[in-house]
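Data first, discussion second: the structure below is written as structure tokens.
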Amino acid sequence: MKNKDYERLEAFFKEHTEKFVERAEEKAPFENKIRHTSNVCENMRTIAGELGYQDNGFYKAMAAALLHDIGRFRQYEKYGTFSDADSENHGGAGAALIRKMNLLSGLDQSEQQQIVHAVAMHNSFRLPADLDKETRELTNM
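Numbering (the working numbering), first residue to last: 1 to 141.
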């Protein structure tokens, strides 16, 4: 993954989330989730930098951070809650959205799978024991 790929995802995130804010009667929950994602991205920038991630690995980590809660926006609009127990699993919903919209097209297949799996499992209590090392590290970050 390259910087241009990440910039494309940032543009998608901004456009996608702004639509929810525009449609919402109560904008604060969506705006708070956008700020949360920005904070997660800043934290990931620090973590990935401290771990020595560069280029491909760095932008892959940033993409996982940016997209980790992408399923929350439709969740809140549809159900009026951020509670997975009272609605749907937002990690799985986010992974499905990424696949449906083909957001990671142009990336290596393994990169796509790692990011999608990290998004799908970021809210899991326990990661599968047989998860590959790179996906496990990305999800844990």
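All residues carry an ideal CB built from backbone N, CA and C; glycine is no exception.
Going by the beta-carbon positions, is the gap between residue i and residue j smaller than 8 Å?
{"i": "F13", "j": "L66", "result": "yes"}
{"i": "Q114", "j": "L131", "result": "no"}
{"i": "A61", "j": "M121", "result": "no"}
{"i": "Y6", "j": "Y59", "result": "yes"}
{"i": "M1", "j": "N43", "result": "no"}
{"i": "D86", "j": "N123", "result": "no"}
{"i": "V116", "j": "A95", "result": "yes"}
{"i": "L103", "j": "L9", "result": "yes"}
{"i": "R74", "j": "F82", "result": "no"}
{"i": "A159", "j": "A11", "result": "Residue 159 is absent from the model: the chain starts at 1 and stops at 141."}
{"i": "H16", "j": "V40", "result": "no"}
Hey, residue i and residue j are a contact pair by Cβ (cut 8 Å); roughly how many whole angstroms apart?
{"i": "F125", "j": "E77", "result": "Wrong, their Cβ atoms sit about 26 Å apart, outside the cutoff."}
- Task: Take every Cβ of the stretch 42-56, pair it with every Cβ of the stretch 22-30, and state whether three or more of those distances are shorter than 8 Å.
- Result: Because the criterion of three Cβ pairs below 8 Å is not met, the stretch 42-56 and the stretch 22-30 do not touch.
- Touch check for the stretch 84-98 and the stretch 31-38: three-plus C-beta pairs under 8 Å? No, the stretch 84-98 is not in contact with the stretch 31-38.
- Task: Note down, one range per segment and in chain order, each alpha helix (DSSP H) of at least 4 residues found wholly within the stretch 48-99.
- Result: List check, alpha helix (DSSP H) in window: 55-67 and 70-79.
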